[in-house]
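Structure, as structure tokens:
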Amino acid sequence: MTTARRQYVADLSLALVNRTGAYHVCSDIVRGCPQFFSGVRYWQFTLKTEPHGVVRKLLARAMLFDLAHSRIGLLRSRLGLARERAAPTVFLDPLYVLNTELRADDIVLCHDVGPVTHPALFDAGTVAMYERAYKKIQAVGPGVVCVSVATRAAFMTTYGNRLRFVETIPLYVREAMASGAEDRPDTVSGRFLLTVAATEARKNYE
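Below you can see the structure in the form of structure tokens.
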């Protein structure tokens with residue numbers, strides 16, 4: 000006798016605005032574990048394929064407006080327009096719990112609590128949205144999975160552990176990044192470290 004595997008909806012809303020490492024990790028999860036997901040949601044839409052091009056950009060603009068104006072979601076709930084969810088959701092970034100109902104049987108993937116613990120390194124709008132998202136998570140108490148021990152420690156220091164669970168599943172070296180050219184650049188001598196990121200203060204390049 001086999002036990003039926005529980006299925007979740009994957010909220011991959013970050014795919015509309017993000018093409019950093021977080022996007023690739025979350026896409027790997029959805030593609031690599033299809034047996035756990037009954038569908039993939041992008042903002043308010045459950046789609047069979049990931050939006051691209053103009054469609055993605057339009058959805059991104061609408062979603063960001065929705066996130067920045069939480070009263071719209073509140074009004075939607077009061078008017079009875081919020082959709083009932085039969086399956087629990089895996090939110091692949093904390094920010095997107097603001098788009099919909101959050102339940103205790105959901106799971107939230109936490110990449111970083113930096114916007115809350117180090118607000119000076121982020122723009123005010125991002126800080127405000129993540130503060131609302133994390134307070135909502137703290138109030139509802141779903142399961143939380145952190146991408147590192149440091150992230151878990153920062154999360155629990157800030158929000159406690161009165162959640163269904165708070166676990167750590169460390170990030171990994173993606174297969175696509177594990178092979179390729181290994182030749183030293185002609186203009187570099189000695190040992191060196193290559194990083195690829197925006198020149199923001201929080202990246203510590205200074």
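The sequence shown: position 94 = 93 (numbering that gives the first Met the number 0), numbered continuously.
We put the beta carbon where it would ideally sit given N, CA and C, even for glycine.
Assuming V8 and S26 form a contact by the criterion Cβ under 8 Å, report the distance between their Cβ atoms to the nearest whole angstrom.
Translated into positions along the sequence shown, residue 8 becomes position 9. Translated into positions along the sequence shown, residue 26 becomes position 27. The pair is not a contact, with the Cβ atoms about 16 Å apart (cut-off 8 Å).
Rounding to the nearest angstrom, what Cα-Cα distance links G140 and T48 in this structure?
Taking the sequence shown and counting its residues from 1, one reaches residue 140 at position 141. Taking the sequence shown and counting its residues from 1, one reaches residue 48 at position 49. Cα to Cα, G140 sits roughly 31 Å from T48.
Using DSSP with H/G/I as helix, E/B as strand and the rest coil, what is L46?
Residue numbering aside, residue 46 sits at position 47 when the sequence shown is read from its first letter. In the structure shown, L46 sits in a strand (DSSP, three-state: E or B).
With distances taken between CB atoms, is the gap from D105 to T88 smaller than 8 Å?
In the sequence shown, residue 105 corresponds to position 106, counting from 1. In the sequence shown, residue 88 corresponds to position 89, counting from 1. Contact: yes.
Could you please give the first and the last residue of the uninterrupted alpha helix (DSSP H) stretch that includes F64?
Working through the sequence shown from its first residue, we reach residue 64 at position 65. Segment 52-67, the alpha helix (DSSP H) holding F64.
Look at the alpha carbon of R30 and the alpha carbon of L46, and state the distance between them as a whole number of angstroms.
Locating residue 30 in the sequence shown gives position 31, counting from the first residue. Locating residue 46 in the sequence shown gives position 47, counting from the first residue. For R30 and L46, the distance between alpha carbons rounds to 14 Å.
Might you give, ordered along the chain, the residues of its own chain that have their beta carbon closer than 8 Å to the beta carbon of L63, omitting 5 neighbours on each side?
Residue numbering aside, residue 63 sits at position 64 when the sequence shown is read from its first letter. Counting only Cβ-Cβ distances below 8 Å, and skipping sequence neighbours, we find V16.
Could you tell me whether the Cβ atoms of V107 and V96 are closer together than 8 Å?
As a first step, residue 107 must be located in the sequence shown, where it is residue number 108. As a first step, residue 96 must be located in the sequence shown, where it is residue number 97. It is a contact, given that the beta carbons lie within the stated cut-off.
Report buried or exposed for L192, applying the criterion of at least 16 other Cβ atoms within 10 angstroms of its Cβ.
Mapped onto the sequence shown, residue 192 falls at position 193. Under this definition L192 is an exposed residue.
Output the boundary residues of the alpha helix (DSSP H) element that contains C25.
Residue mapping note: residue 25 aligns to position 26 of the sequence shown, counting from 1. 20-31 is the extent of the alpha helix (DSSP H) around C25.
Residues that Y41 bridges to, as DSSP identifies them
Counted from its first residue, the sequence shown places residue 41 at position 42. Looking at the DSSP assignment, Y41 forms a beta bridge with F44.
In chain order, what residues of the same chain have a beta carbon less than 8 Å from the beta carbon of T150, not counting five sequence neighbours either side?
Here the question's residue 150 lines up with position 151 in the sequence shown. Cβ within range, chain order: C109, H110, D111, V112, T167.
Is G113 helix, strand or coil when you go by DSSP?
Residue mapping note: residue 113 aligns to position 114 of the sequence shown, counting from 1. Helix.
Roughly how many angstroms lie between the CA atoms of F206 and H23, to the nearest whole one?
With the chain covering only 0 through 205, there is no way to say anything about residue 206.
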